[in-house]
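Engineer: Going by my numbering, the first residue of the sequence shown is number 3, and it counts up by one from there. Where a beta carbon is used, it is the ideal one built from N, C-alpha and C, also for glycine. Being a predicted model, the structure only gives us computed values, none of them experimental.
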Amino acid sequence: EDLGMKHRLWVYSGRRGVHCWVCDDAVRKWSSALRAAAVEYLTLVKVARKAGTRCWPSSRRISFPEQPCRAAQHCAGSGGRVCAGGAGSAVSVISLDRWPQHRELLQGEFPKKRDSVQRWELLKSRMERTRRAVGVGRSTPCYADWEIMLQYCFPRLDINVSKGVGHLLKSPFSVHPKTGRISVPLDLQRLDQFDPFAVPTISSLCHELDAAGDDREQEDGGETEPKRRVRDYKKTSLAPYVRVFEQFVEEMERARRGELLRRSDLQGDF
C-alpha cells in the first residue's frame, strides 16, 4: 500500500518461503536500484553489526493480532534462543540485554516452568506489568515480548531475489526439487487455514489422476453418450489453488480494461 502496489499474488515456495509476485505495469519496469530501495523500506528488523542489537523504525505502522501467541510460543521452544528450558536456559539476547533486571529474574524462573507455553506466558505477563506500572511512575515500560514477536515472526526479505531482474524464481505451480510440493498461490481470505504440509505434491497428484482415470473408465463403460471432458487438474487437490490464480488474473484483466477506458476518455476517443 505504501508503495502503490495493487496487483500482488502471494505464492508458497514449496518449502519455507513465500514469494510475492507484483504484477503492476509500473513496478515491473523498476530498475534494480528502485527494487533494492523498496526492499530496504520494507525491511523492519535490522541488526547492528557491532552491538548485535535490533532496530525498529519508529515511523513504520506496526500492528499485532489479538492472539499472537501461537507463533511466538513455537519460537519460544525452538532453538534455545528465547525461552528454552533446562538449567542452562537463557533469555533472548535479542530483547533483554537492555533490561538486565528482567533478564536475571526470568533466567531464574524459566527452568521451573514445564514448557515453552508457560515460559512465554511468564515473560509476557512480566512485560505487561511493567507497562501497566508506567502510569503510577514506578517502572520503565519494557516491550521485550513485542520485540521477540517481531524478530521471529516478521518476514525476512531476500534482497537479491527482489532487486535482480534476471534472478531465477520458481513460477506458480512449479515443483520444489527438495520437497516435491507444488508452489501454490495463497488465498489471503483463508490464510489462517493454510497448512504447508498439506500442499499437493507431485506424487500425490499422480495418484489422484490415476484414481480419477479409473473412475472415468468405469463410468464410460455404462454410458452410450459421450460427456464433456473435465480438465484433469479439477479432479485433484490442486483445483482450489488454480482457482485462486484464475481469480487474480481476472481481477488484473478488469483493472486493465478499466485503465484503457479511462485513458480513452481522457483522450476523447469515441
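For P202, which of R158, H178 and L190 has the nearest alpha-carbon?
Structural biologist: Checked all of R158, H178 and L190; the closest Cα to P202 is H178.
Engineer: Kindly give me the distance between the Cβ atoms of V13 and P174, rounded to whole angstroms, as I take these residues to be in contact under 8 Å.
Structural biologist: Going by Cβ atoms, the distance from V13 to P174 rounds to 5 Å, so yes, they are a contact pair.
Engineer: Hey, would you say K172 sits closer than 7 Å to S185, going by beta carbons?
Structural biologist: In contact: K172 and S185 (Cβ atoms closer than 7 Å).
Engineer: Anyone know if the C-beta pair for R183 and G19 falls short of 7 Å?
Structural biologist: In this structure, G19 does not lie closer than 7 Å to R183 by Cβ.
Engineer: DSSP state of Y14, grouped into three classes?
Structural biologist: Here Y14 sits in strand by DSSP.
Engineer: Classify W101 as helix, strand or coil using the three-state DSSP reduction.
Structural biologist: W101: coil per DSSP, three-state reduction.
Engineer: From Q120 to H21, what distance separates their C-alpha atoms?
Structural biologist: Approximately 34 Å between the Cα atoms of the pair.
Engineer: Just the Cα atoms here: how many angstroms apart are V232 and A39?
Structural biologist: Roughly 46 Å between the two C-alpha positions.
Engineer: Name the residue from L107, V29 and Y43 whose alpha carbon lies nearest to the alpha carbon of L159.
Structural biologist: When only C-alpha atoms are compared, the closest one is Y43.
Engineer: Near D189, which residues of its chain fall below 7 Å by C-beta distance, leaving aside the five closest residues on each side in sequence?
Structural biologist: The answer, listed in chain order, is V246.
Engineer: Buried or exposed: E149, going by 16 or more other Cβ atoms within 10 Å of its Cβ?
Structural biologist: Buried, because 16 or more other Cβ atoms sit within 10 Å of the Cβ of E149.
Engineer: With DSSP as the reference, label V232 as helix, strand or coil.
Structural biologist: Reduced to three states, the DSSP call for V232 is coil.
Engineer: Check for me: the beta strand (DSSP E) holding A22 runs from which residue to which?
Structural biologist: The question names Ala, but residue 22 is Cys in the sequence shown. V20 to V24 is the span of the beta strand (DSSP E), which, as asked, contains C22.
Engineer: Taking I150 as part of the alpha helix (DSSP H), name the residues at either end of that continuous run.
Structural biologist: Taken as a continuous stretch (DSSP letters only), the alpha helix (DSSP H) holding I150 covers A146 to C155.
Engineer: My output table needs one value for R183: the three-state DSSP class, helix, strand or coil.
Structural biologist: The answer is strand: DSSP assigns R183 an E or B state.
Engineer: If you follow the alpha helix (DSSP H) that E123 is part of, which residue opens it and which one closes it?
Structural biologist: S118 to R134 is the span of the alpha helix (DSSP H), which, as asked, contains E123.
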